[in-house]
Each structure stands twice: as structure tokens, then as C-alpha cells.
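Colleague: In terms of my numbering, the sequence shown opens at residue 2 and continues consecutively.
Where a beta carbon is used, it is the ideal one built from N, C-alpha and C, also for glycine.
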Amino acid sequence: MPRFTDADDVSWGFTPAERTRTRAAIAELQSIRARRAKLDAREAELLAGVTGIALDQISRDPNGSDYAFPIRSMAVELALALKESPRAMQGRMDRAWQLVERFPVTHAALAEGRITDRHAREIVAAGADISRPEARVAYETEIAALAEHATPHRIKDTAKQVAERHQPTTLAERHERARADRRTFVEDLPDGMAMLGVIGPAPAVHGAHDHLTQTAQAVKRDRRAVTRELDGIEPAPDDPAYAKYTDDRHLAQLRADIALDLLLTGEPTGHDLDRAVTATIEITIPVTTLVGLDDGPALLAGYGPIDPDTARRLAADATGWERVFLHPDTGALLTVDHYTPSAAQRRHLLARDRTCRVPGCTTRAKHCDIDHTIPYSRGGPTDVGNLAALCEPHHTMKHHSPWRFRHLGHGRLRFTSPAGYDYIDSPPMIFTGGPPAPF
Ligand SMILES: [Zn+2]
């Protein structure tokens with residue numbers, strides 16, 4: 002209960018009416034806070050509910066769908082309906098699901114208006130790593146009681162300390178947590194070099210390094226044996242000609258060359274890596290097969306007929322090759338199309354789209370993929386009227402979810418969500434001078 006200044010002691014103070022109004026305002030603000038907390042708890046319940054629907058969709062998928070797609074798709078569904086960015090919405094869904102499914106005591110305190118959403122957020126964030134349910138309940142019971150009487154900022158620090166006390170600390174559990182952080186990274190170095198790092202479980206990393214050492218030693222031995230066989234001689238190690246008969250790379254250099262070989266080509270050949278390995282394949286696909294009208298076979302040059310599904314997949318995945326349309330009966334050349342947009346088309350799209358075209362997504366267009374709205378494999382042309390910038394997560398979502406994207410002309414796109422809502426989005430740049438120039 003606040004204490005009030007005695008108006009007789011100082012030159013200013015509350016009149017009785019001001020005091021009454023202030024107290025009424027405080028009471029109503031507290032009531033608004035409590036009601037807002039209840040609404041936040043209900044909102045979390047709804048968000049956790051739809052997250053649950055996405056998780057059910059994942060478990061129903063016989064192909065074991067990637068975790069990301071139904072969740073990502075649901076995030077866009079909600080983001081469009083609620084006018085938020087998809088990324089912010091996915092964060093909200095994650096937090097809501099955590100709160101409702103893993104922190105029931107905190108959720109109940111929010112639903113009863115005893116703590117605010119900001120308190121709940123700090124409690125969930127600090128306790129997210131506590132894997133044992135009993136330990137988690139003990140943690141949140143303790144911290145939620147404290148949160149009723151403290152600011153969210155204060156709770157943030159306290160929650161970490163309380164979580165630490167309830168944290169399981171066996172080596173196995175710590176390892177499990179550390180394991181989740183395994184990753185690769187690239188760091189650029191001066192003089193045209195770069196570093197590739199792998200963080201993984203110690204036995205696997207040491208095993209891999211040992212494998213590189215053994216392979217490097219074998220490559221060195223092989224080189225010497227091959228050279229000796231060719232020349233029929235083997236100079237002594239102190240002979241100046243010795244170097245010619247052996248691989249002059251240090252073990253460390255060989256290890257690096259072999260590691261990159263393995264990652265780039267799958268073969269530990271230990272050769273110089275300046276040569277880029279490229280493969281070119283030539284496939285002739287009947288246009289009627291490509292657009293799915295029939296299942297006529299495609300021809301792989303130097304091999305023969307291949308099945309239409311593989312051909313369509315190759316047509317969709319291929320980058321940088323030309324599509325030659327032949328008339329199905331006469332074999333006459335109809336048109337030539339490139340899968341890869343031209344530099345002019347790319348510039349046009351960067352200017353038109355500015356960002357990923359999923360409404361609310363802020364990924365800059367220059368960091369996006371350029372997507373064929375109607376897939377190239379189904380006959381969609383490489384034309385700005387069929388191309389749109391999509392960030393990698395939303396590009397893969399489009400291909401692995403029931404979202405339907407459609408060009409309406411002038412860069413306008415219609416998005417039809419899996420739940421059946423239509424949204425129309427115009428690119429940020431408005432074209433006023435008629436249709437965009439053809440390419
Ligand atoms: Zn995006």
C-alpha cells in the first residue's frame with residue numbers, strides 16, 4: 002500500500018480529491034494489468050494450441066516431415082492474419098508452447114493475473130534448459146512466488162540463480178546440453194584464405210582428425226611407391242633428388258587438402274583444390290512430360306531413357322542450364338529458356354521486391370533465393386512475371402507446405418494459406434509507368 006505525503010509539511014501535495022482520483026487510477030491500472038495478464042495467458046494457450054496442430058501435422062506425415070515446415074507455415078498463417086512479422090510470430094509460438102506445455106505453474110500465475118507476461122517470459126527463458134519435469138516445477142514454483150513482488154528486470158537475474166540451483170548437473174546431462182550446440186563455422190582469414198571449423202562430440206572430432214592423419218600418411222606412402230615404380234629407383238633420404246620422389250606437402254597441409262577433398266567431392270584424393278569440379282549433364286525432356294501432361298521418358302545423353310519423375314526433379318534442381326523446348330511431334334525447336342534468371346532480371350527483382358515477398362518478412366532481397374512461382378519443372382517460365390524473392394526458410398516452406406502463391410501481374414502476389422485465407426501483397430515499389438519492361 003503506498004504511503005502518502007502529508008500535505009501540511011510541504012508546499013505541494015494532494016488535495017483530498019486528487020488523492021481519491023490517484024488512488025482510483027492506481028486501482029484501475031492494477032486491474033488492467035491483471036486482466037491483460039489473463040488475456041496474455043489465454044493468447045499463449047491459443048498459440049500453444051495451434052503449435053500443437055502443427056506438431057500433429059508433423060507426426061502424421063509418413064515421410065517424417067522436417068520439423069521446420071508445418072511450424073514455419075503456421076507462423077506465416079498467423080503472422081498474416083495478425084499483421085506481424087513471421088519471425089516474431091514464430092518466436093511468440095515457441096514461447097507460448099514452452100509456457101503452456103513446460104511451465105504450467107507460471108502459466109497459471111499469469112492466468113490468475115498474479116504476474117505479467119514479461120515476468121513469465123523471464124521465468125521461461127531462465128528455466129528452459131531444466132530438462133527434468135520435477136526439477137522444472139520446483140524451479141518455477143519458487144521463482145513465480147518471488148515474481149509476484151518484483152519487477153521483471155529483477156526477476157531476470159534472480160531466475161538465473163534459482164534455475165542454476167535446480168539444474169541437473171550430471172556430466173551426462175551437461176554433455177547433452179553442450180551437444181546441442183554442435184555446429185560448423187567459417188571464418189575469413191587474410192590473403193585469400195578462410196577457416197572451416199567443426200564443433201562436435203570430442204570422440205568424433207578426434208576420430209575424424211586421426212582419420213585425416215592416417216589418410217595423409219597413406220597418400221604420402223602411395224606417391225612414393227608410384228614414383229619409385231615409374232623410375233625404378235629410390236634415392237636415399239639425404240639425396241637432393243629425394244624430394245622429387247615424395248609428396249613435398251607437410252602432413253598438416255595434406256590433412257587440410259584431404260579434409261576439403263572429402264567435403265567437396267567425397268574422395269580423399271589429396272589433389273590440389275584449385276581445379277573446380279564441375280559436372281555437366283544433358284537431358285532431353287519432352288515438354289509434355291515436363292509440364293506433367295504425360296509420362297513420356299526423358300533421355301540422358303550417354304545413358305538412355307530415364308524415368309519422368311527423376312527428369313522433372315533434375316529440371317527443377319538444375320541451375321544454370323538451358324531448357325530447350327521441342328515440339329512433341331515434329332521435334333521442331335519451340336523456345337529456349339534459362340532456369341537461372343539473367344542479371345537484368347535479377348536487378349529488376351531486387352528493385353521490385355526489396356525483401357522476401359512473404360508479407361512481414363524483412364530478409365533483404367539480395368540475401369534471398371529467386372523462386373519460380375509456378376515451378377520451372379512444371380513449365381513456369383523464367384520471367385519476372387513468374388519470379389519472386391523468397392528467403393531460404395520461406396522458399397523451402399513454399400515447396401514443403403500447402404501454401405499457394407500466385408502472380409497477379411505487376412509484381413503483385415496472392416498468398417493462399419493452408420487454413421484457406423487469401424492475402425494480396427504488392428511490392429514496395431509501385432509501378433506507375435505501365436507494365437515492367439520485358440526481359
Ligand atoms: Zn522470408
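1. Report the three-state DSSP secondary structure of T21 (helix, strand or coil).
2. Are Q91 and A76 close, meaning C-beta to C-beta below 8 Å?
3. For a minimum of 4 consecutive residues, which ranges assigned as the alpha helix (DSSP H) are wholly contained in the region 32 to 108?
4. So, helix, strand or coil for R222, using DSSP?
5. Since V106 and A45 should fall inside the 8 Å C-beta cutoff, what is the C-beta to C-beta distance between them, to a whole number of angstroms?
6. Would you tell me roughly how many angstroms separate the C-alpha atoms of E188 and A126, rounded to the nearest one?
7. Quick check: the Cα distance between A160 and S60, rounded to an integer number of angstroms?
8. Using 10 angstroms around the beta-carbon of K399, count the other beta-carbons present and answer buried if the total reaches 16, otherwise exposed.
9. Where does the unbroken beta strand (DSSP E) through Q183 begin, and where does it stop?
10. Report yes if the C-beta distance between E78 and A420 is below 8 Å; otherwise report no.
11. Extract the residue ranges of the alpha helix (DSSP H) inside the region 335 to 396, only unbroken runs of 4 or more that lie entirely within it.
12. Hey, is the region 249 to 266 in contact with the region 203 to 214, meaning 3+ C-beta pairs nearer than 8 Å?
13. Would you identify the three-state DSSP class for R250, choosing helix, strand or coil?
14. Taking 7 Å as the cut-off, is the CB of T374 close to at least one heavy atom of ligand 1?
15. Indicate, with yes or no, if ligand 1 has a heavy atom lying under 7 Å from the CB of T364.
16. May I ask you to report which of helix, strand or coil DSSP gives G412?
17. Can we say the region 124 to 143 touches the region 47 to 56, given the rule of at least three CB pairs closer than 8 Å?
18. Would you say the beta carbon of V51 comes nearer than 7 Å to a heavy atom of ligand 1?
Modeller: In brief:
1. Locating residue 21 in the sequence shown gives position 20, counting from the first residue. Correct three-state label for T21: helix.
2. Counted from its first residue, the sequence shown places residue 91 at position 90. Counted from its first residue, the sequence shown places residue 76 at position 75. The beta carbons of Q91 and A76 sit closer together than 8 Å.
3. You should have 69 to 83, 87 to 98.
4. Locating residue 222 in the sequence shown gives position 221, where the first residue counts as 1. It is helical.
5. Residue numbering aside, residue 106 sits at position 105 when the sequence shown is read from its first letter. Residue numbering aside, residue 45 sits at position 44 when the sequence shown is read from its first letter. In fact, because the Cβ distance is near 14 Å, the residues do not count as touching under 8 Å.
6. As a position in the sequence shown, residue 188 is number 187, starting the count at 1. As a position in the sequence shown, residue 126 is number 125, starting the count at 1. Cα to Cα, the separation comes out at about 30 Å.
7. Taking the sequence shown and counting its residues from 1, one reaches residue 160 at position 159. Taking the sequence shown and counting its residues from 1, one reaches residue 60 at position 59. Looking at the two C-alpha atoms, the distance is approximately 34 Å.
8. Start at 1 with the first residue of the sequence shown, and residue 399 comes out as number 398. K399 is buried by the Cβ-count criterion.
9. On the sequence shown, position 182 is the one that residue 183 refers to. First, the residue type needs correcting, since residue 183 is Arg and not Gln in the sequence shown. Neither: R183 is in no beta strand (DSSP E) and is coded neither H nor E.
10. Indexing the sequence shown from 1 puts residue 78 at position 77. Indexing the sequence shown from 1 puts residue 420 at position 419. Contact flag set, yes.
11. 344 to 354
12. yes
13. Looking up residue 250 in the sequence shown gives position 249. Note: R250 maps to coil in three-state DSSP.
14. For the purposes of this step, residue 374 is taken as residue 373 along the sequence shown, with counting starting at 1. For ligand 1, not one heavy atom lies less than 7 Å from the Cβ of T374.
15. For the purposes of this step, residue 364 is taken as residue 363 along the sequence shown, with counting starting at 1. T364: yes, Cβ under 7 Å from ligand 1.
16. Indexing the sequence shown from 1 puts residue 412 at position 411. Correct three-state label for G412: coil.
17. no
18. Residue numbering aside, residue 51 sits at position 50 when the sequence shown is read from its first letter. Because no heavy atom of ligand 1 lies under 7 Å away, the Cβ of V51 does not count as near it: no.
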